[in-house]
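Asker: Going by the working numbering, the first residue of the sequence shown is number 2, and it counts up by one from there.
Quick reminder that beta carbons are idealized off the backbone N, C-alpha and C, glycines included.
Sending over a structure as structure tokens; questions will come in a sec.
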Amino acid sequence: MTSSPPSRDVDVVVIGAGQAGLATGWALARQGFERGSGFVVLDGETAAGGAWQHRWPSLTLGTTHRVHDLPGLPFRPADDSAPAVESVPAYFADYERRFDLPVLRPVRVTAVRRTEHGGFTVETDRGAWQARAVVNATGTWTRPFVPRYPGQELFRGRQLHTVDYRAAEEFRGQRVVVVGGGASATQLLAEISRVASTTWVTRRPPVWRDGPFDEDVGREVVAKVEEAVREGRRPGSVVGVTGLLTSTPYVRDGLDRGVLQRLPMFDRITPDGVAWDGGDGEPARTIPADVILWATGFRAAVGHLAPLRLRDPGRGFRMEGTQVAGEPRLHLVGYGPSASTIGANRAGQAAARALRRELRPGALPRTA
2 MTSSPPSRDV
12 DVVVIGAGQA
22 GLATGWALAR
32 QGFERGSGFV
42 VLDGETAAGG
52 AWQHRWPSLT
62 LGTTHRVHDL
72 PGLPFRPADD
82 SAPAVESVPA
92 YFADYERRFD
102 LPVLRPVRVT
112 AVRRTEHGGF
122 TVETDRGAWQ
132 ARAVVNATGT
142 WTRPFVPRYP
152 GQELFRGRQL
162 HTVDYRAAEE
172 FRGQRVVVVG
182 GGASATQLLA
192 EISRVASTTW
202 VTRRPPVWRD
212 GPFDEDVGRE
222 VVAKVEEAVR
232 EGRRPGSVVG
242 VTGLLTSTPY
252 VRDGLDRGVL
262 QRLPMFDRIT
272 PDGVAWDGGD
282 GEPARTIPAD
292 VILWATGFRA
302 AVGHLAPLRL
312 RDPGRGFRME
322 GTQVAGEPRL
332 HLVGYGPSAS
342 TIGANRAGQA
352 AARALRRELR
362 PGALPRTA
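Here it is, written out as structure tokens:
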């Protein structure tokens with residue numbers, strides 16, 4: 002953390018201090034931007050760790066997708082059974098200290114607006130910053146997505162999203178419908194099904210993939226998502242491209258116990274459960290439920306960029322690398338193809354290099 006008060010008038014404001022924001026801060030310092038006067042990182046959280054500090058306690062380092070090293074500091078946990086909610090935030094806090102990153106928190110950004118001089122005003126709950134450029138690195142965790150279905154407001158049981166989940170024990174003896182076809186849904190099903198009666202519902206049949214998530218699979222994911230953001234569409238989910246990995250321990254466990262038997266999406270929600278109207282070869286049916294758990298993903302947390310009016314009709318940002326098309330001083334890191342730990346590292350460095358060229362045509366001194 003910087004020892005002197007950061008300036009309110011800077012070259013670059015980075016919004017968010019998760020993996021994407023920290024990687025970008027490190028890269029900006031490497032490109033010669035001064036900490037505090039050249040750039041600041043504004044974080045809406047009260048402590049280091051980004052979204053990781055809000056994960057459920059049963060998510061261990063061994064069961065999550067790999068936490069990739071931040072640039073310049075390897076992540077070497079002593080025990081894969083350690084809760085990710087503790088280990089990753091501690092690593093992020095160490096990273097901030099080690100590289101003296103000018104992270105300010107809690108600072109919640111409410112709006113980003115253009116100035117008449119070609120820069121931006123970043124409005125927050127702690128006043129405004131003036132910036133020549135902005136890097137948005139806010140991720141998705143604060144924008145859980147729950148689709149709307151008829152009868153949803155009449156359900157007498159409990160509805161919650163992945164962000165609300167803490168432990169399977171709270172569902173003991175209950176009837177739980179888990180909605181969603183991603184990695185979180187399968188992990189929570191594997192846990193909850195040991196203490197409760199579960200039903201798994203997805204919009205599309207799951208696609209199972211054998212083998213690890215290797216570099217070839219990673220390149221396939223990036224290519225598909227890059228195509229979406231170039232066209233201004235919302236980035237798709239990783240699982241939509243890769244399928245569900247049968248090599249994952251909790252997936253193997255769920256398959257072995259027969260709890261990953263999927264039903265198609267229900268048509269409506271009743272006061273006491275969920276219902277299918279039938280047709281197209283499917284029978285009409287009703288399944289009682291005490292809980293509906295929506296493991297239905299997230300949307301990019303970019304509402305504060307709305308004053309810039311940059312969204313395409315497809316409701317996404319049209320991107321050129323990390324840069325929003327036509328806005329060389331606005332970059333999104335941790336969005337689209339860079340919405341992964343390793344992708345965020347690369348994107349942060351790409352954004353910093355681009356901003357060095359854009360803002361400082363002459364050579365900047367390189368810092369350690």
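To which residues of the same chain is residue 34 closer than 7 angstroms at the C-beta, ignoring the five residues directly before and after it?
Answerer: Working through the sequence shown from its first residue, we reach residue 34 at position 33. Closer than 7 angstroms at the Cβ level, and outside the excluded window around residue 34, lie 12, 13, 40.
Asker: Determine the burial state of residue 47: buried for a count of at least 16 other Cβ atoms within 10 Å of its Cβ, exposed for fewer.
Answerer: The sequence position of residue 47 within the sequence shown is 46, counting from 1. Residue 47 is exposed by the Cβ-count criterion.
Asker: Can at least three beta-carbon pairs, one atom from the stretch 81 to 92 and one from the stretch 48 to 55, be found at a separation below 8 angstroms?
Answerer: Yes: the two stretches touch, three or more of their Cβ pairs being nearer than 8 angstroms.
Asker: Since residue 196 contacts residue 170 with CB under 8 angstroms, what's their CB separation in whole angstroms?
Answerer: Mapped onto the sequence shown, residue 196 falls at position 195. Mapped onto the sequence shown, residue 170 falls at position 169. 6 angstroms between Cβ atoms; contact.
Asker: In the DSSP assignment, the alpha helix (DSSP H) including residue 23 goes from what residue to what residue?
Answerer: Locating residue 23 in the sequence shown gives position 22, where the first residue counts as 1. Start and end: 20 to 31.
Asker: Going by DSSP, which residues form a beta bridge with residue 134?
Answerer: For the purposes of this step, residue 134 is taken as residue 133 along the sequence shown, with counting starting at 1. Looking at the DSSP assignment, residue 134 forms a beta bridge with 13.
Asker: Quick one: Cα of residue 133 to Cα of residue 43, how far?
Answerer: Residue numbering aside, residue 133 sits at position 132 when the sequence shown is read from its first letter. Residue numbering aside, residue 43 sits at position 42 when the sequence shown is read from its first letter. Spanning the two alpha carbons is a distance of roughly 15 angstroms.
Asker: Helix, strand or coil for residue 53? Go by DSSP, reduced to three states.
Answerer: Position 52 of the sequence shown, counted from the first residue, corresponds to residue 53. Three-state result, residue 53: helix.
Asker: Between residue 255 and residue 296, how many whole angstroms is the CB-CB distance? I'm expecting something under 8 angstroms.
Answerer: Sequence index remark: in the sequence shown, residue 255 carries index 254 (1-based). Sequence index remark: in the sequence shown, residue 296 carries index 295 (1-based). Actually they are not in contact, since the Cβ atoms of residue 255 and residue 296 sit about 13 angstroms apart, beyond 8 angstroms.
Asker: Can you give me the C-alpha to C-alpha distance between residue 79 and residue 62, rounded to a whole angstrom?
Answerer: Here residue 79 refers to the residue found at position 78 of the sequence shown. Here residue 62 refers to the residue found at position 61 of the sequence shown. Spanning the two alpha carbons is a distance of roughly 10 angstroms.
Asker: Going by alpha carbons, who is nearest to residue 386 out of 284, 193, 152?
Answerer: Nothing in the structure corresponds to residue 386, since the chain is present only between 2 and 369.
Asker: Give a yes or no on contact between the stretch 263 to 273 and the stretch 151 to 166, applying the rule of three or more CB pairs nearer than 8 angstroms.
Answerer: Taking 8 angstroms as the limit for Cβ pairs, the verdict is that the stretch 151 to 166 does touch the stretch 263 to 273.
Asker: Answer with buried or exposed for residue 250, where buried requires no fewer than 16 other C-beta atoms within 10 angstroms of its C-beta.
Answerer: By 1-based counting over the sequence shown, the position of residue 250 is 249. Exposed is the call here.
Asker: So, are the CB atoms of residue 144 and residue 302 less than 8 angstroms apart?
Answerer: Here residue 144 is taken as the residue at index 143 of the sequence shown, counted from 1. Here residue 302 is taken as the residue at index 301 of the sequence shown, counted from 1. Taking 8 angstroms as the Cβ cut-off, residue 144 and residue 302 qualify as a contacting pair.
Asker: Would DSSP call residue 281 helix, strand or coil?
Answerer: Indexing the sequence shown from 1 puts residue 281 at position 280. Correct three-state label for residue 281: coil.
Asker: Out of 307, 24, 201, which one is the CA nearest neighbour of residue 138?
Answerer: Taking the first residue of the sequence shown as 1, we reach residue 138 at position 137. For residue 138, the nearest C-alpha among the options comes from 24.
Asker: Rounded to the nearest angstrom, what separates residue 149 and residue 267 at their Cα positions?
Answerer: Counting from one through the sequence shown, the residue named residue 149 turns up at place 148. Counting from one through the sequence shown, the residue named residue 267 turns up at place 266. For residue 149 and residue 267, the distance between alpha carbons rounds to 12 angstroms.
Asker: Spatial neighbours of residue 181 within its chain, please: C-beta separation below 6 angstroms, excluding the five flanking residues on both sides.
Answerer: What you label residue 181 is simply residue 180 of the sequence shown in a count that begins at 1. Within the same chain, residue 181 has close Cβ partners 296, 297.
Asker: Tell me which residues share the same chain as residue 286 and place their Cβ nearer than 6 angstroms to its Cβ, disregarding the 5 neighbours each side in the sequence.
Answerer: Residue mapping note: residue 286 aligns to position 285 of the sequence shown, counting from 1. Counting only Cβ-Cβ distances below 6 angstroms, and skipping sequence neighbours, we find 277.
Asker: Using only the alpha-carbon positions, how far apart do residue 240 and residue 38 sit?
Answerer: Within the sequence shown, the letter at position 239 stands for residue 240. Within the sequence shown, the letter at position 37 stands for residue 38. Low confidence applies to residue 240: its pLDDT is 49, below 50, so where it sits in the model is not reliable, and the reading given next is rough at best. Spanning the two alpha carbons is a distance of roughly 41 angstroms.
Asker: For residue 146, count neighbouring Cβ atoms within 10 angstroms of its own Cβ and tell me buried if that reaches 16, exposed if not.
Answerer: Here residue 146 refers to the residue found at position 145 of the sequence shown. So residue 146 ends up on the exposed side.
Asker: Specify the secondary structure class of residue 90 as computed by DSSP and reduced to three states.
Answerer: On the sequence shown, position 89 is the one that residue 90 refers to. In the structure shown, residue 90 sits in a helix (DSSP, three-state: H, G or I).
Asker: For residue 355 and residue 21, what's the separation of their Cα atoms in angstroms?
Answerer: As a first step, residue 355 must be located in the sequence shown, where it is residue number 354. As a first step, residue 21 must be located in the sequence shown, where it is residue number 20. Straight-line Cα distance between these residues: approximately 16 angstroms.
Asker: Where does residue 118 land, buried or exposed, given buried means 16+ other C-beta within 10 angstroms?
Answerer: For the purposes of this step, residue 118 is taken as the residue at position 117 of the sequence shown. Exposed, by the Cβ-count rule.
Asker: DSSP three-state label for residue 242, please.
Answerer: Position 241 of the sequence shown, counted from the first residue, corresponds to residue 242. Only weak support is given to the placement of residue 242: the predicted model assigns it a pLDDT of 49, under 50, and the value that follows is read from those uncertain coordinates. Correct three-state label for residue 242: helix.
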